[in-house]
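All remarks here apply to the structure that follows.
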Amino acid sequence: MQEYPLGSKPVLVRAPVVLPMISPPLTDGAVLVSGGRVREVGPFRDLRRTFRGKVLDLEGVALLPALVNAHTHLELSVFRFRLTPSGSFVTWVRNLIRQRTEVALSEARQAVEEALRELWREGVGLVADVGNTGLTLGLLRESPFYSVYFREIIDFKGGTNLRDFVKGPEGERITYSLSPHAPYTVSPVLIQAIKSWTRRAGRPLSIHVAESPEECAFLKEGEGPLRVLLEERGQMPPGFRAPGLSPVAYLDRLGVLDERTICVHLVQATASDLEILAQRRSRPCLCPRSNIFLGVGLPPLPAMLSVGLKPCLGTDSLASNDRLSILAEMEALRAAYPEVAPEKLFLMATLWGAEALGRPDLGFIGPGARAEMIGLSLTPGRGSPWERLLEGPKKVEVRLYGPL
Numbered sequence: 001m002q003e004y005p006l007g008s009k010p011v012l013v014r015a016p017v018v019l020p021m022i023s024p025p026l027t028d029g030a031v032l033v034s035g036g037r038v039r040e041v042g043p044f045r046d047l048r049r050t051f052r053g054k055v056l057d058l059e060g061v062a063l064l065p066a067l068v069n070a071h072t073h074l075e076l077s078v079f080r081f082r083l084t085p086s087g088s089f090v091t092w093v094r095n096l097i098r099q100r101t102e103v104a105l106s107e108a109r110q111a112v113e114e115a116l117r118e119l120w121r122e123g124v125g126l127v128a129d130v131g132n133t134g135l136t137l138g139l140l141r142e143s144p145f146y147s148v149y150f151r152e153i154i155d156f157k158g159g160t161n162l163r164d165f166v167k168g169p170e171g172e173r174i175t176y177s178l179s180p181h182a183p184y185t186v187s188p189v190l191i192q193a194i195k196s197w198t199r200r201a202g203r204p205l206s207i208h209v210a211e212s213p214e215e216c217a218f219l220k221e222g223e224g225p226l227r228v229l230l231e232e233r234g235q236m237p238p239g240f241r242a243p244g245l246s247p248v249a250y251l252d253r254l255g256v257l258d259e260r261t262i263c264v265h266l267v268q269a270t271a272s273d274l275e276i277l278a279q280r281r282s283r284p285c286l287c288p289r290s291n292i293f294l295g296v297g298l299p300p301l302p303a304m305l306s307v308g309l310k311p312c313l314g315t316d317s318l319a320s321n322d323r324l325s326i327l328a329e330m331e332a333l334r335a336a337y338p339e340v341a342p343e344k345l346f347l348m349a350t351l352w353g354a355e356a357l358g359r360p361d362l363g364f365i366g367p368g369a370r371a372e373m374i375g376l377s378l379t380p381g382r383g384s385p386w387e388r389l390l391e392g393p394k395k396v397e398v399r400l401y402g403p404l
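Numbering (the UniProt record's numbering), first residue to last: 1 to 404.
This is how it looks when you write it as structure tokens:
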């Protein structure tokens, strides 16, 4: 992979195809960059007429925004290939809990460092990392990525004092926010308190929702393997009564669904759930390869798009995936839902992810955008550039990035 740092001096980047994501593809397109920002996008012949500076001519690639991984758990990277599919979501959770106690901090840190290098090779420019140890915070701040760090909270009894969690690093490249783990591991009052803080702070909230059948059964009936696990871990509140609702309807009743709520997974979401999410303008985040690994099914992507939702993509962790590749997630959805227009998958991997994470300066190529771009191998052919990219090797050949 060739890397091109873009400094303060103006550079005109030319490519056979440019995919701005906010306008149609450009053949023999160009992007004028200066000071780490995109200044202009258009046909090369038009921009070249008035530009007398350096031209960077990229061959054999389509130029598009750096990708967005809107959900991962980097602190779990040490578990790559250590956990195997069991056919039971709760069994996988039990195995993860057990193995987390057996890993040395130095080993976990080394695995995070390698995971960050992998994200870079895979063309990611913005990453949303969910963690409950703080291990990755310093590494993210030192990395070349733009990032959102979600401090994850797990407490079904609801005794957590949020004052212990609301302070975190802030800067041009990193945003700090909170993540209640799931509707079955965080008390209703605590979920509402977390959402109240993120609303006041103007930050996104990320929560796992409707990932497994066990989750749906627990919230509707209050029974099943999740209840047993919670009781074993001393997390069942006295007098608990199940809300008798789907996970989405339950969160809606709590008043926490809005345009800054990222609902991760939604594999078990029903048609009525999707209507609720569309009304609240919430953001689905899909991690299909993790869902396949855990055997919980696949999210209903065509139905989401049909009601106007704008899903984004994540890889989840290497405890339930073998790659941190957004391109691989796109490929999985393409195989499952060939009827979905390929340009929608690219929107999910770029613009819609940046919007969900509250980064209006990323995920597209246009005036004012950060100069974070990648070049993907473009195979010759007659189809649209979207189709040619998905049918090709899906290899990141070029990275362009602004000042670090």
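For each residue, glycine too, the CB sits at the ideal point set by N, CA and C.
Nothing here was measured: the structure is a model prediction, and the numbers come from that model.
- Annotation for Leu309: no alpha helix (DSSP H) segment contains it, and DSSP assigns it neither H nor E.
- Look at the stretch 207–238 and you find these whole runs of alpha helix (DSSP H), each 4 residues long or longer: 213–221, 225–232.
- DSSP places Pro284 in no alpha helix (DSSP H) but in the uninterrupted beta strand (DSSP E) bounded by 283–286.
- Inclusion of Ala328 and Val68 in the CB contact set at 8 Å is not warranted, their separation being larger than that value.
- When secondary structure is reduced to three states using DSSP, Val340 falls in the coil class, being assigned neither helix nor strand.
- Secondary structure note for Ser272: it is in no beta strand (DSSP E), and the uninterrupted alpha helix (DSSP H) holding it is 271–280.
- Using a 10 angstroms sphere on the CB of Phe240, the tally of other CB atoms stays under 16, which defines it as exposed.
- Annotated as proximal: Glu214 and Gly224, with beta-carbon spacing under 8 Å.
- In the DSSP annotation of this structure, Asn95 is not part of any beta strand (DSSP E); the continuous alpha helix (DSSP H) holding it starts and ends at 89–100.
- The alpha-carbon of Ser377 is positioned some 9 Å away from that of Glu59.
- Per the Cβ contact rule, the stretch 278–285 is in contact with the stretch 305–318 (3 or more Cβ pairs under 8 Å).
- Between Met304 and Ala66, the C-beta gap is not smaller than 8 Å, which leaves the two residues out of contact.
- Residue burial is scored here from C-beta neighbours: Met21 has at least 16 other C-beta atoms within 10 angstroms and is therefore classed as buried.
- In the three-state scheme derived from DSSP, where H, G and I count as helix and E and B as strand, Phe364 is classed as coil.
- For Ala193, no pairing in a beta bridge is given by DSSP.
- For Ile292, the three-state secondary structure derived from DSSP is helix.
- Per DSSP, the continuous beta strand (DSSP E) segment holding Leu12 begins and ends at 11–18.
- Annotated as proximal: Phe364 and Thr350, with beta-carbon spacing under 8 Å.
- With fewer than three CB-CB distances shorter than 8 Å, the stretch 69–79 does not count as touching the stretch 27–43.
- Per DSSP, Arg253 is one residue of the alpha helix (DSSP H) stretching across 247–254.
- In the DSSP assignment, Phe150 is bridged to Val130, Ser177.
- By the Cβ-count criterion, Ala115 is buried, with 16 or more other Cβ atoms from all chains shown falling within 10 Å of its own Cβ.
- The beta carbons of Val296 and Glu211 sit about 6 Å from each other, so the pair counts as a contact at 8 Å.
- Take the alpha-carbon of Ile154 and the one of Asn161: they are about 12 Å apart.
- In the structure shown, Glu114 adopts helical secondary structure according to DSSP, grouped into three states.
- Contact annotation: the stretch 160–179 touches the stretch 139–146, with at least three C-beta pairs closer than 8 Å.
- In terms of Cβ geometry, Glu152 and Ser177 do not form a close pair [threshold 8 Å].
- Put simply, of Val148, Pro238, His208 the residue whose alpha carbon is nearest the alpha carbon of Gly222 is Pro238.
- In the displayed model, Arg334 falls within a helix according to three-state DSSP.
- The three-state secondary structure of Glu3, taken from DSSP, is strand.
- Straight through space, the alpha carbons of Ser34 and Val124 are spaced by roughly 21 Å.
- In the DSSP assignment, Pro144 falls outside any beta strand (DSSP E), carrying neither H nor E.
- Spanning the alpha carbons of Arg80 and Leu266 requires a straight line of approximately 24 Å.
- Here Glu122 is buried, its C-beta having at least 16 other C-beta atoms within 10 Å.
- A residue is called buried when at least 16 other Cβ atoms come within 10 angstroms of its Cβ; Pro288 meets this threshold and is buried.
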